[in-house]
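The structure appears right after this line, and notes come after that.
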Ligand code: MEV
């Protein structure tokens, strides 16, 4: 039996635009998914027969990375699935780490990030390596189209390339508001792609989001939460113009703003979750609850994928 775990993540700034080569900042948060793997008579996922239809990430990881006897995989997660908090990336990275341990190999953060991104691309279609790299590395990650200081690794796909950097992030209080509306990432990414292919206006919005992310890096360095919050709220408005918000997200963002430096949707949108940057987490959480969302008070600084136990 091998037990591994990986953190959830939130994107502070830059989702969607990062798929088109713009920068993004993502942080791991203190919610984890644990993955238990042991040899078994047939392939099982959380007690049910493994199937591509219901467990595409797990099935794809096993198909590519395991040729041994059948395995039983079980996940125990603090991260709601389809919530925009990186549960699919956490499944892929923690399972791949467990498979590497079972094969007796060395677990390399960079190799895991590459392989997990491949799985995400196969299952989701168009994607960026933001979620999977954040799940592997933990803490904070800055994704850019060129190499800078604290470079971790470089990932290329067709003509797009991403340089993944370690990003120093101060300890921040974030409140996540889960709308309860499940939204698949792939179709939302495809929708933005169609919009960007058709109009200069959408391409300009994507570029403007990139500019906001660069300003966000300056705010993080200066530990200026007020300015960072303002950028987050602006980013939310631009994401709404791109068509990836949802009435349930806009409602929660509006509700938390009186108690927050800023707030925005996080991840793919279309439902899923929003985040508030706040020094009044109780009040922000209550505002989310009153509007029908499920609040999670989280903090940054969480470590990446790791081996928990081996028996
Ligand atoms: C999803 O968490 C983030 C997106 O930017 C997609 C991606 O980067 O692969 C919407």
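In our numbering, the protein residues as written are 10 to 320. All residues carry an ideal CB built from backbone N, CA and C; glycine is no exception.
Pick from the options that is closest to residue i, judged by C-alpha positions
{"i": "residue 283", "options": "23, 157, 188", "result": "188"}
{"i": "residue 88", "options": "118, 157, 62, 44", "result": "44"}
{"i": "residue 176", "options": "92, 305, 223, 74", "result": "223"}
{"i": "residue 314", "options": "178, 31, 258, 103", "result": "103"}
{"i": "residue 32", "options": "287, 311, 312, 219", "result": "219"}
{"i": "residue 171", "options": "39, 251, 30", "result": "30"}
{"i": "residue 264", "options": "199, 164, 302", "result": "302"}
{"i": "residue 185", "options": "269, 119, 197", "result": "269"}
{"i": "residue 157", "options": "194, 226, 125", "result": "226"}
{"i": "residue 128", "options": "311, 297, 61, 27", "result": "61"}
{"i": "residue 37", "options": "217, 126, 15", "result": "15"}
{"i": "residue 141", "options": "20, 295, 260", "result": "20"}
{"i": "residue 308", "options": "147, 67, 197, 318", "result": "147"}
{"i": "residue 149", "options": "259, 181, 82, 317", "result": "181"}
{"i": "residue 26", "options": "195, 251, 215", "result": "215"}
{"i": "residue 131", "options": "93, 194, 82, 162", "result": "194"}
{"i": "residue 204", "options": "310, 253, 229", "result": "253"}
{"i": "residue 144", "options": "297, 65, 183, 13", "result": "13"}
{"i": "residue 232", "options": "178, 213, 34", "result": "178"}
{"i": "residue 23", "options": "42, 213, 152", "result": "152"}
{"i": "residue 86", "options": "190, 41, 76", "result": "41"}
{"i": "residue 174", "options": "154, 248, 78", "result": "154"}
{"i": "residue 72", "options": "291, 228, 196, 108", "result": "108"}
{"i": "residue 266", "options": "281, 239, 256", "result": "239"}
{"i": "residue 289", "options": "234, 249, 110", "result": "234"}
{"i": "residue 93", "options": "237, 122, 58, 281", "result": "281"}
{"i": "residue 311", "options": "54, 75, 39, 10", "result": "39"}
{"i": "residue 54", "options": "83, 292, 213, 75", "result": "83"}
DSSP beta-bridge partners of residue i
{"i": "residue 44", "result": "13, 84"}
{"i": "residue 169", "result": "166"}
{"i": "residue 273", "result": "284"}
{"i": "residue 319", "result": "11"}
{"i": "residue 183", "result": "286, 307"}
{"i": "residue 206", "result": "Looking at the DSSP assignment, residue 206 forms no beta bridge with any residue, so it has no partner."}
{"i": "residue 18", "result": "37"}
{"i": "residue 313", "result": "Note: residue 313 sits in no beta bridge, so no partner."}
{"i": "residue 149", "result": "36"}
{"i": "residue 175", "result": "150"}
{"i": "residue 54", "result": "57, 82"}
{"i": "residue 261", "result": "None, per the DSSP bridge assignment."}
{"i": "residue 160", "result": "174"}
The ligand MEV heavy atom lying under 7 Å from the CB of residue i
{"i": "residue 139", "result": "yes"}
{"i": "residue 325", "result": "Past the boundaries of the shown model lies residue 325; the chain is included only from 10 to 320, so the question cannot be answered."}
{"i": "residue 194", "result": "yes"}
{"i": "residue 217", "result": "no"}
{"i": "residue 134", "result": "no"}
{"i": "residue 93", "result": "yes"}
{"i": "residue 24", "result": "yes"}
{"i": "residue 20", "result": "yes"}
{"i": "residue 28", "result": "yes"}
{"i": "residue 198", "result": "yes"}
- At a cut of 8 Å, does the region 47-55 reach the region 265-282 through at least three beta carbon pairs? By the Cβ criterion, the region 47-55 is not in contact with the region 265-282, since fewer than three pairs of Cβ atoms, one from each stretch, lie closer than 8 Å.
- Message: Check whether the region 293-311 and the region 128-143 are in contact - that is, three or more C-beta pairs closer than 8 Å.
- Response: Contact fails: fewer than three Cβ-Cβ distances are below 8 Å.
- Any contact of the region 90-100 with the region 114-121, i.e. 3+ C-beta pairs under 8 Å? In short, these stretches do not touch, since the Cβ pair count stays below three.
- Query: How about the region 240-255 and the region 159-170: do they share at least three Cβ pairs that are nearer than 8 Å?
  - Reply: No, because fewer than three Cβ pairs between the region 240-255 and the region 159-170 fall closer than 8 Å, the two stretches do not touch.
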